[in-house]
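Take any residue in the sequence shown, note its place counting from 1, add 183, and you have its number in this note's numbering.
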Amino acid sequence: MTARPPTRRIRAQTRPRIRPRTLVMAAAAWLLAAVFLLPYLEMAVTALRPADELRDAGYLPHHPAWSNFVDVWRESTLGANLKVTLLVAGGSTVLALLVALPAAYCTARFRYRGRRLFLLLVLVTQMFQPTSLLVGLYREFYQLDMLNSVWTLILCNAAFNLAFAVWILTAYIGSIPVELEEAALLDGLGRLGALRRVVLPLALPGVVTAVIFTFISAWNEFVMGLTLSTAPESQPLTVGINGFIGNYTVEWNYLFAGSVVAIVPVVVLFAVIERHVVSGLTAGSVK
Numbered sequence: 184m185t186a187r188p189p190t191r192r193i194r195a196q197t198r199p200r201i202r203p204r205t206l207v208m209a210a211a212a213w214l215l216a217a218v219f220l221l222p223y224l225e226m227a228v229t230a231l232r233p234a235d236e237l238r239d240a241g242y243l244p245h246h247p248a249w250s251n252f253v254d255v256w257r258e259s260t261l262g263a264n265l266k267v268t269l270l271v272a273g274g275s276t277v278l279a280l281l282v283a284l285p286a287a288y289c290t291a292r293f294r295y296r297g298r299r300l301f302l303l304l305v306l307v308t309q310m311f312q313p314t315s316l317l318v319g320l321y322r323e324f325y326q327l328d329m330l331n332s333v334w335t336l337i338l339c340n341a342a343f344n345l346a347f348a349v350w351i352l353t354a355y356i357g358s359i360p361v362e363l364e365e366a367a368l369l370d371g372l373g374r375l376g377a378l379r380r381v382v383l384p385l386a387l388p389g390v391v392t393a394v395i396f397t398f399i400s401a402w403n404e405f406v407m408g409l410t411l412s413t414a415p416e417s418q419p420l421t422v423g424i425n426g427f428i429g430n431y432t433v434e435w436n437y438l439f440a441g442s443v444v445a446i447v448p449v450v451v452l453f454a455v456i457e458r459h460v461v462s463g464l465t466a467g468s469v470k
């Protein structure tokens, strides 16, 4: 009779046991994910329904109409609206970062008079909703002859997302040891060189977090696009999709087909850089 090899005994003893609490948490997580994903699944299914199957009781369409995506692209201004949204979201994100990075760096590194008041004002500005300022914004851009302009939407979206970008980047840059920057200054790098070569690479998760939240906020913006852009070709995608809702009828298949087109770029962007988002959101929580 041979004894069991010690390696097998060790493996049997060190094999991890799955606790019931872990199983419950995993099941709850999957259930919560299903609840959030069901509306998107319904949207994708409805986008494939022909017009004569919109009121059918079945969940899946009998004859999927892939032509809905082609028709919504040809028979509407969806292509122009998508171009406007890409320009607005990308431009407002770049502009907000160009302003937020120097402001966050100075706030995190220098102890100047009024620093706390500045941070308080940054926090307070996040409480203002664009709808409360629409009348003033409309009159201002009307007098400047900047209605129906992409630059108008870029300026507005960058301004309303600037406070969040400054707040996130200030917390993250403040969590980076100042000794690293001082060493770069001793090596001959100036303040801008240290910011570009030392601070920015280390602050990449915070920058990515500011980028994705600013981009998504500008991508989903509706009220300013509806008010400041009246020409169909100059409106963002969120306003263009709303055109499928008429006074008496709603073209549900085209509405959801346009919605699927609208969410794909954001989903791709988030899937590419989502690993940086969690670390950016927790920046400054532990030093």
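Beta carbons: idealized from backbone N, C-alpha and C, even for Gly.
For residue i, the first and last residue of its enclosing alpha helix (DSSP H)
i                 : result
proline 222       : 203-230
aspartate 355     : It is worth fixing the name first, because residue 355 is tyrosine in this sequence and not aspartate. It spans 333-357 - the alpha helix (DSSP H) in which tyrosine 355 sits, taken as one unbroken run.
glutamate 362     : 361-369
tryptophan 435    : 435-456
phenylalanine 324 : 317-326
tryptophan 249    : Where tryptophan 249 is concerned, there is no enclosing alpha helix (DSSP H), given that its DSSP letter is neither H nor E.
phenylalanine 293 : Careful: phenylalanine 293 lies outside any alpha helix (DSSP H) and carries neither H nor E.
leucine 409       : 406-411
leucine 237       : Segment: none, leucine 237 is in no alpha helix (DSSP H) and carries neither H nor E.
phenylalanine 301 : 298-308
arginine 374      : 374-377
Proximity winner among the options, relative to residue i (alpha-carbon distances)
i              : options                        : result
proline 388    : Ile456, Met310, Leu327         : Ile456
alanine 227    : Val381, Val444, Ala454, Thr397 : Val444
serine 404     : Leu221, Arg299, Leu237, Leu336 : First, the amino acid is wrong: residue 404 is glutamate here, not serine. Considering only alpha carbons, the answer is Leu336.
alanine 377    : Asn344, Thr276, Ile356, Leu320 : Ile356
leucine 409    : Trp402, Val422, Thr397         : Val422
asparagine 331 : Val207, Pro419, Leu345         : Pro419
leucine 280    : Val207, Val349, Ala414, Val381 : Val349
isoleucine 424 : Phe398, Leu261, Thr397, Leu375 : Leu261
asparagine 264 : Ser412, Ala454, Val450         : Ser412
glycine 426    : Glu258, Arg204, Leu220, Tyr223 : Glu258
leucine 303    : Thr353, Thr392, Tyr325         : Thr353
leucine 224    : Ala234, Tyr242, Met208, Arg238 : Tyr242
Reduced DSSP secondary structure (H/G/I, E/B, other) of residue i
i          : result
serine 400 : helix
8 Å contact criterion, which residue i and residue j should meet: CB distance rounded
i                 : j              : result
threonine 290     : valine 394     : About 19 Å separates the two Cβ atoms, so there is no contact after all.
threonine 392     : isoleucine 351 : 6 Å
asparagine 344    : serine 400     : 5 Å
phenylalanine 440 : alanine 230    : Per the sequence shown, the amino acid found at residue 440 is alanine instead of phenylalanine. Going by Cβ atoms, the distance from alanine 440 to alanine 230 rounds to 4 Å, so yes, they are a contact pair.
alanine 341       : leucine 278    : 4 Å
Handout entry: the segment 253-264 contacting the segment 359-371, beta-carbon criterion three pairs below 8 Å
Key = no
Problem - At least 3 beta-carbon pairs within less than 8 Å: the segment 268-282 vs the segment 300-318 - result: no
Handout entry: Contact between the segment 285-302 and the segment 425-443 (3+ Cβ pairs under 8 Å)
Key = no
Exercise for the section: Assess, as a yes-or-no matter, whether the segment 316-324 is touched by the segment 385-401 under the definition of 3 or more beta carbon pairs within less than 8 Å. Expected result: no
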